[in-house]
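Residue numbers (the numbering used here): 9 to 246.
Using N, Cα and C, we set each Cβ at its ideal position, and we do this for glycine too.
All remarks here apply to the structure that follows.
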Amino acid sequence: MLELAILGVLEEHELHGYEIRRRLREEVGVFANVSFGSLYPALSRLERSGALVAADGERRDSPVPMTGSLSGERAALRARRAVTGRGRRNRKVYRVTDEGRRQFAALLAAEPQAGEDARGFGLRLAFARYLPPPARLRLLERRRAQLLDRLAAVQRSVAAAQLDRYARCLIEHAADSTARDIAWLDQLIESERLRTTAAEQIDPSRASITVPALLDQPAPGAGTDLAVPAATAKGQST
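As structure tokens, then:
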């Protein structure tokens, strides 16, 4: 999933490694804890596959300010050299290629692997603007089906288990959270359908757009744990 996230943030901009990490941490919430130890090997894999090209970026250092104090100017020069030394690794600028865009589209539209949780859904939703409308709807409907299965399983366990009031309250709280996220998805699905209908009324030819077979897959109903990332569902319950 890290490769998908990297290609997504590079889709519109050429970025240094540290800028990619910052965007992953700040804009794609599911990678808030990504480290350089994970990022740079992933960038190398993408570069070897032809998805990215990298070039040395020019780093323009500001001149050392002339303060009139020899010791102060020497200290500023030493500080700049220290930062430059630590930052050499980040001077490489990464750019996505046509092959990278093909890989990004395939990863984004691919069916979730068995056991993929809400982090995977959140990542795909963060880049859902790159999906065709039918694929966006399938993404939302698939997650809704997963949560419905999850909610039904929780309700069955509550009905069947002999629980004390505290354990029952905890499970019921989880069920309420899942129900709220289903309601949130219902709103997104309705909004997406309205947008699609409006676009087709403006341009009727869009109603006949065919979606590649890669995107045309049924939605599975496997349940997963609920953890909608803040970057994609800010303000929603997790």
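Nearest by alpha-carbon distance to residue i: which of the options is it?
i, options, result
"Ala13", "Arg151, Leu116, Pro120", "Leu116"
"Leu156", "Tyr48, Ala191, Glu55, Glu34", "Ala191"
"Pro142", "Glu200, Arg164, Val38, Val36", "Glu200"
"Asp64", "Glu22, Arg31, Leu47", "Glu22"
"Val38", "Ala167, Leu10, Tyr48", "Leu10"
"Leu145", "Arg158, Thr205, Arg173, Ala167", "Thr205"
State buried or exposed for residue i, treating a residue as buried only when at least 16 other CB atoms are found within 10 Å of its CB.
i, result
"Val17", "buried"
"Asp106", "exposed"
"Asp184", "exposed"
"Arg189", "For the record, residue 189 in the displayed sequence is Asp; it is not Arg. Label assigned to Asp189: buried."
"Leu15", "buried"
"Thr186", "buried"
"Gln195", "exposed"
"Arg151", "buried"
"Gln209", "exposed"
"Ala207", "exposed"
Below 8 Å on the Cβ atoms is my guess for residue i versus residue j; work out the distance and round it to an integer in Å.
i, j, result
"Ile2", "Tyr102", "This structure leaves residue 2 out entirely; the chain is present only between 9 and 246."
"Leu60", "Gly25", "No, Leu60 and Gly25 are not in contact; Cβ-Cβ is about 11 Å, not under 8 Å."
"Leu148", "Leu193", "6 Å"
"Ala182", "Val162", "6 Å"
"Ala134", "Val42", "That belief does not hold up - the Cβ atoms of Ala134 and Val42 are roughly 14 Å apart, past 8 Å."
Threshold first: 4 residues or longer. Then list the alpha helix (DSSP H) segments lying entirely within the segment 26-64, N to C.
44-56
So within the segment 109-153, which uninterrupted alpha helix (DSSP H) runs reach at least 4 residues, ignoring any that extend past its ends?
Taking only runs of at least 4 residues, the alpha helix (DSSP H) segments lying wholly in the segment 109-153 are 126-134.
Three or more C-beta pairs closer than 8 Å, one from the segment 106-120 and one from the segment 130-148: is that the case here?
yes
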